[in-house]
Amino acid sequence: MTERNEVKDFNVVVTTSHQPDAEQVKKARELARSLGFPYVSRKRLKSISRPSLLVYVLEKNGRLVLVSEAGRLFFHPSAAKIRFINLKKGLSDHLIKALSPEGYEQVLDLTFGLGSEAILMAHFLPKGKVVGLEASVHIYNVVRYGMIHFLQSTVKPEEEWIKDAIRRIVLINADFREYVKNTPEESFDVVYCDPMFEQPKYASSSMNPLRPVAVYDTLSKEDVESFLRICRKKVIIKFHREDTWFKELEFHWITGSKKSGVFYGVIEKR
Ligand SMILES: C[S@@+](CC[C@H](N)C(=O)[O-])C[C@H]1O[C@@H](n2cnc3c(N)ncnc32)[C@H](O)[C@@H]1O
Numbered sequence: 036m037t038e039r040n041e042v043k044d045f046n047v048v049v050t051t052s053h054q055p056d057a058e059q060v061k062k063a064r065e066l067a068r069s070l071g072f073p074y075v076s077r078k079r080l081k082s083i084s085r086p087s088l089l090v091y092v093l094e095k096n097g098r099l100v101l102v103s104e105a106g107r108l109f110f111h112p113s114a115a116k117i118r119f120i121n122l123k124k125g126l127s128d129h130l131i132k133a134l135s136p137e138g139y140e141q142v143l144d145l146t147f148g149l150g151s152e153a154i155l156m157a158h159f160l161p162k163g164k165v166v167g168l169e170a171s172v173h174i175y176n177v178v179r180y181g182m183i184h185f186l187q188s189t190v191k192p193e194e195e196w197i198k199d200a201i202r203r204i205v206l207i208n209a210d211f212r213e214y215v216k217n218t219p220e221e222s223f224d225v226v227y228c229d230p231m232f233e234q235p236k237y238a239s240s241s242m243n244p245l246r247p248v249a250v251y252d253t254l255s256k257e258d259v260e261s262f263l264r265i266c267r268k269k270v271i272i273k274f275h276r277e278d279t280w281f282k283e284l285e286f287h288w289i290t291g292s293k294k295s296g297v298f299y300g301v302i303e304k305r
């Protein structure tokens, strides 16, 4: 577990959904052991329930949900799907424009979150891969489990591209500053970073359940210099126009939407 998550002092348990069968209980117990959190039966959960409790719930259909005061966090590639459909319709996507993939690139996604953007990028890298870093152990657990579960489940033919993309992703529970420090020069073609916005956009409901367990690091010039050191082509930074930290950074070009206020700044390695 990362130090930051310990500091937040959450109490964490693993359970099942209501009226589990024996197999589901066995899997939830195994999961609790592998995650290092106590297992409680669903019946007992009510007696220990309190607002700060984080509950990993293994559902009957095999989906893993992290339930907190902020809602239900689980892996779902819906944001990637919407952007994929828009691209197929001929609309442009600002991240893919910033990435301008040739198909072989090795991308380091420093802030994996739910992995929507990593999945989208990996789709355009049939000969490449995405290494994703996530500092929050809870987000890492839920998203890693969710991606494995997605690969094992039957999906509609039009969602097979998501499985292909996930197979090109490696997810690591790490803080990007520590990871970058220990990474040799020019190890990746592209380094991508999408820190949490300073002013939460609550309308973005898919992000809401992530908020209590997320890490809220912002970037400095020194961070960007360290990202440039480990890349061969470029660094891409996502920001919202209401963020303050990006103002000290210098980009070669920026693409984004004035309407949403979300931009991707590109620093080319020259
Ligand atoms: C805005 S979300 C990223 C969303 C992601 N682009 C997606 O498509 O789902 C930012 C994520 O970065 C993580 N994060 C913040 N600081 C980090 C750090 N220093 N190292 C690794 N991950 C970090 C947060 O916990 C959060 O999950």
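Per the numbering used here, the very first residue in the sequence shown carries number 36; after that it's consecutive.
Where is the CB? At the ideal position from N, CA and C, for every residue including glycine.
According to DSSP, residues forming a beta bridge with residue i
i: G181; result: G181 is not bridged to any residue.
i: G300; result: I272, I289
i: T50; result: V92
i: S103; result: G106
i: D128; result: Per DSSP, none; premise fails for D128.
i: L206; result: G167
i: D144; result: G167, Y227
Coarse secondary structure for residue i, derived from DSSP in three states
i: V42; result: Per-residue confidence for V42 stands at a pLDDT of 35, beneath the threshold of 50, marking its modelled position as unreliable; the derived number appears in the next sentence. Helix at V42.
i: Y214; result: helix
i: Y175; result: helix
i: Q187; result: helix
i: K164; result: strand
i: R246; result: helix
i: V60; result: helix
i: V75; result: coil
i: R118; result: helix
i: R98; result: coil
i: M36; result: Confidence at M36 is low in this model, with a pLDDT of 40, below 50, so its placement is unreliable and the value that follows should be read with caution. In this structure, M36 counts as coil in the three-state DSSP scheme.
i: R68; result: helix
i: R264; result: helix
i: P235; result: coil
i: K294; result: coil
i: H111; result: coil
i: S255; result: coil
i: F281; result: helix
Contact under 9 Å by Cβ, residue i with residue j
i: L143; j: L168; result: yes
i: L325; j: L130; result: Any answer about residue 325 is impossible in this case: the structure gives the chain only from 36 up to 305.
i: S255; j: W280; result: yes
i: L101; j: V205; result: no
i: L155; j: A115; result: yes
i: V248; j: H173; result: yes
i: G90; j: T50; result: In the sequence under discussion, the amino acid at residue 90 is Val, which differs from the Gly named in the question. Going by C-beta atoms, V90 is nearer than 9 Å to T50.
i: V215; j: I271; result: no
i: K268; j: E140; result: yes
i: C266; j: E221; result: yes
i: A157; j: A200; result: yes
i: K162; j: G181; result: no
i: P244; j: S103; result: yes
i: Y74; j: R85; result: no
i: V297; j: F223; result: no
i: N46; j: S76; result: no
i: P230; j: K273; result: yes
Closer than 9 Å to chain D by CB, residue i
i: L93; result: Absence of chain D from the displayed structure is noted, only one protein chain being present.
Does the stretch 135-154 touch the stretch 106-113, meaning 3 or more C-beta pairs lie closer than 8 Å? yes
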